[in-house]
Every structure is written in structure tokens, then in C-alpha cells.
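Chains as they are written, first to last, in my numbering: chain P, 3 to 149; chain U, 3 to 149.
Built from N, CA and C at the ideal position, the CB exists for glycine as well.
Some notes on the structure that comes next.
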DNA sequence: AGCACTTGTATAGCTTGGAATGCAATGCTA
DNA sequence: TAGCATTGCATTCCAAGCTATACAAGTGCT
């Protein structure tokens with residue numbers, strides 16, 4: 003029996019993520035954004051002043067990846083970093099006005115991508131799909147709560 | 003209303019793919035493989051002697067990505083490329099014995115990753131999950147059949 | 001034969017992701 | 001309080017994905 007790509011959850015997940023990324027990329031490029039910054043922005047739009055460590059915990063991204071992403075975001079004028087007055091190691095991350103102004107159009111773009119991607123599914127199927135993804139993610143995630 | 007990451011199919015797909023990739027990577031690293039070569043190997047194990055173009059069509063990978071992946075695979079002794087005798091532009095890709103020998107352990111590793119990832123789901127849910135991913139992928143794919 | 005067009009690959013340059021490592025600031029403890 | 005462990009972040013190096021571009025080999029047309 004050969005291993006079948008289209009029966010493999012892992013293969014499909016990879017393919018799915020690439021398709022989503024391609025489309026989101028196309029839609030937010032006009033805004034001057036790229037996909038890697040998106041998750042961080044989503045968190046920061048809810049409330050900034052976080053440390054890198056807090057962002058990492060929220061997003062399950064490895065620390066060097068986040069450091070790199072934040073460096074690009076600072077370069078591109080999306081964030082500013084200021085040292086934490088109480089902890090000389092930490093920096094707190096603040097959105098610029100530019101980044102704040104992008105919340106509306108950027109989330110609209112993401113919503114549009116999701117809508118387009120799920121257009122082939124019924125409302126029930128969409129809910130099931132998202133719930134199952136959440137369940138698998140939860141099962142795979144390293145922080146098992148209990149230790 | 004704020005955009006909620008955990009209700010976003012795109013966000014979840016990205017997270018899911020990263021979790022799968024991390025685990026597969028860990029499991030096949032001991033074999034001397036890395037995840038980027040995996041899809042190409044799956045196709046070539048079914049039958050080699052393909053051109054780069056044929057691999058791309060099978061996997062929905064952009065051409066420069068595949069060129070780059072094949073270069074790494076050749077460097078790592080997984081494939082050899084020989085010019086097509088009938089078309090001076092094309093090269094046909096052949097697996098080395100090394101690559102052939104890895105089919106068993108590598109697909110076993112991928113199967114184990116899938117099993118682990120879907121462990122939180124019932125048999126019915128697993129089938130649903132895979133079917134829904136396939137459906138969304140099909141809906142997002144560029145080649146609409148009709149043109 | 002000559003020319004434009006198409007096709008198959010390669011290259012350059014970027015982003016996004018990770019592992020491994022280094023280092024400074026902090027915290028803990030004997 | 002000196003020494004050690006921990007924490008927060010940066011850096012290095014690599015893989016994997018993309019866009020844009022280049023280029024050589026084939027194809028078709030005149």
C-alpha cells in the first residue's frame with residue numbers, strides 16, 4: 003500500500019496553509035503588509051505594550067522567528083520598542099499610528115480570504131471544519147497544561 | 003467586533019501546518035531527510051524519471067521553489083538529474099538507491115505523525131476532517147479545470 | 001532560413017520558519 | 001553578597017516558500 007498524499011492530514015494541512023498564505027499575501031500586499039506580521043498585529047491590535055515573550059506565548063511561534071519578525075516590523079514602521087522600566091532585559095512593543103490605521107483594512111482582507119476559502123462549504127461544514135482544526139491544534143500543542 | 007484568531011480558518015491552517023511540520027521534521031531528521039523534500043519524494047517513489055515541470059504540476063509548488071528543493075536533494079544524494087534525450091531543455095529526475103531505501107521508514111514516520119495528530123478525533127471526525135480539507139483545497143486551487 | 005512565441009530551468013532576492021548559540025539582566029540561594 | 005540558574009532577547013545559519021527575471025531550447029509561421 004502506498005502512502006497517499008490526498009489522504010494525509012499533514013500533506014493537506016501544508017497545502018491548505020500555502021493556499022491561504024498565497025491569497026492573503028496578495029490581498030494585504032497593497033496595504034504594505036506581509037503575512038508574517040499578521041499574527042503579531044492581531045495580538046497587538048487587541049492591546050499593545052506586550053513583551054516579545056508574551057507575543058510568543060500567544061502565537062506559538064519560536065522566539066528567533068518572532069525576534070526576526072519584530073525586527074522587520076520595526077524597520078517597516080509598524081512598531082516601536084521601548085525598554086521595560088522594571089526589567090532591563092525586556093522590551094515592550096507599541097504599535098505606530100500606521101499599524102493602528104491598518105487594523106480595519108487588514109482584518110477585512112483576512113475575512114475575505116476566509117470567506118472565499120470556505121465558499122465551497124455549507125455553513126454547518128464551515129463550523130465543523132474550524133472546530134476540527136481547533137481540536138487538532140489543541141491536541142498537537144506542546145503546552146499540555148498538566149506537566 | 004474584533005477579528006478572532008481561533009475562529010479564522012486561515013490562522014488555524016497556518017498554525018496546524020506549522021505543528022505538523024515541526025513534528026514531521028523531528029521524526030525524519032534522523033533519516034537525513036527534511037520536510038521540503040518529502041512531497042517530491044512521495045511523487046518520485048510512485049515512479050521516477052519525471053521532469054521538474056511534472057513534479058510541479060503534481061504538487062502545486064512554484065517552479066523556483068521546486069528548482070531549489072531539487073538542488074538540495076541532488077546535493078544530499080537523493081536524486082540524480084539527466085537531460086532528456088528528446089528535449090534539450092528538460093531534465094529527468096531519478097531517485098538514488100539511498101532515496102529508494104528511505105521510502106519505508108519515511109512514510110512510516112509520516113503515518114505516525116498523522117496518527118498522533120488525529121488522535122484527539124474519532125474515526126468519523128478524522129474522515130470528515132480530511133474530506134473537508136480536501137474540499138477547501140480543491141476550491142482554492144488555481145487550476146479551475148474549465149478556463 | 002528567420003523571427004516571434006512558448007516551454008523548461010535557473011538565479012537573485014526576499015520573507016517566514018526553525019535550531020543552536022550567545023549574552024546581559026534578573027532572581028535565588030547558600 | 002557571591003555564585004549559579006533563569007529569563008529575555010539577539011544573532012547565525014539553514015530550509016522552504018514566493019516573485020521577478022533571465023535564458024536557452026524547442027515550435028510555429030512566413
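Item, Value
"For residue 120 (chain U), which of helix, strand or coil comes out of DSSP?", "helix"
"Who are the neighbours of residue 134 (chain P) on chain U, taking C-beta pairs under 8 angstroms?", "123, 127, 130, 131 and 134"
"Is the CB-CB distance between residue 23 (chain U) and residue 45 (chain U) below 7 angstroms?", "no"
"By Cβ distance below 6 angstroms, which residues in the same chain neighbour residue 47 (chain P) in space, the five residues on each side in sequence not counted?", "105"
"Using the Cβ count rule (16 or more neighbours within 10 Å means buried), how would you classify residue 65 (chain U)?", "exposed"
"Take the Cβ of residue 16 (chain P) as the centre, count every other Cβ of all protein chains shown within 10 Å, and call the residue buried at 16 or more, exposed below.", "buried"
"Would you say the beta carbon of residue 91 (chain U) comes nearer than 6 angstroms to a heavy atom of the ligand GTP?", "Absence of the ligand GTP from the depicted structure is noted, as is the absence of any ligand whatsoever, leaving it without description."
"Which class does residue 63 (chain U) belong to by DSSP, given the choice of helix, strand or coil?", "coil"
"Along chain U, in chain order, which residues have C-beta atoms closer than 9 angstroms to that of residue 71 (chain P)?", "Within chain U, no residue comes near residue 71 (chain P); the closest Cβ sits about 13 angstroms away, beyond 9 angstroms."
"Under the rule that 16 or more other beta-carbon atoms within 10 Å means buried, what is residue 103 (chain P), buried or exposed?", "exposed"
"State yes or no: is the beta carbon of residue 21 (chain U) nearer than 7 angstroms to at least one beta carbon in chain P?", "yes"
"So, with DSSP's three-state summary, where would you put residue 52 (chain P)?", "strand"
"For residue 27 (chain U), name the three-state secondary structure that DSSP assigns.", "helix"
"Could you tell me if residue 25 (chain P) is buried or exposed, where buried requires 16 or more neighbouring beta carbons within 10 angstroms of its beta carbon?", "buried"
"Can you tell me whether residue 148 (chain P) is helix, strand or coil according to DSSP?", "Caution applies to residue 148 (chain P), whose pLDDT of 34 falls short of 50 and renders its modelled position unreliable; the value that the coordinates give is listed next. In the structure shown, residue 148 (chain P) sits in coil (DSSP, three-state: anything other than H, G, I, E or B)."
"For the alpha helix (DSSP H) holding residue 142 (chain U), just list the boundary residues, first then last.", "125-142"
"So, does the CB of residue 46 (chain U) fall closer than 7 angstroms to a CB anywhere in chain P?", "no"
"Which stretch, first to last residue, makes up the beta strand (DSSP E) that contains residue 84 (chain P)?", "81-86"
"Give every residue of the same chain whose Cβ lies closer than 7 angstroms to the Cβ of residue 35 (chain P), excluding the five residues on either side of it in the sequence, and list them in chain order.", "104 and 108"
"Is the beta carbon of residue 38 (chain U) less than 7 angstroms from the beta carbon of residue 71 (chain U)?", "yes"
"Closest to residue 4 (chain P) by C-alpha separation, out of U:112, U:120 and U:5, would be which residue?", "U:112"
"Check residue 14 (chain P) in the structure and name its three-state DSSP category.", "helix"
"Does residue 147 (chain P) have its Cβ less than 7 angstroms from a Cβ in chain U?", "Confidence at residue 147 (chain P) is low in this model, with a pLDDT of 39, below 50, so the placement of that residue should be treated as unreliable; the coordinate-derived value is given next. Not an interface residue."
"Counting only beta-carbon separations shorter than 7 angstroms, does residue 31 (chain P) have a partner in chain U?", "no"
"Can you tell which of U:13, U:126, U:27 and U:28 has its C-alpha closest to the C-alpha of residue 21 (chain P)?", "U:13"
"When burial is assigned at 16 or more other CB atoms within 10 Å of the CB, is residue 87 (chain U) buried or exposed?", "exposed"
"Which residues bound the beta strand (DSSP E) around residue 94 (chain P)?", "89-97"
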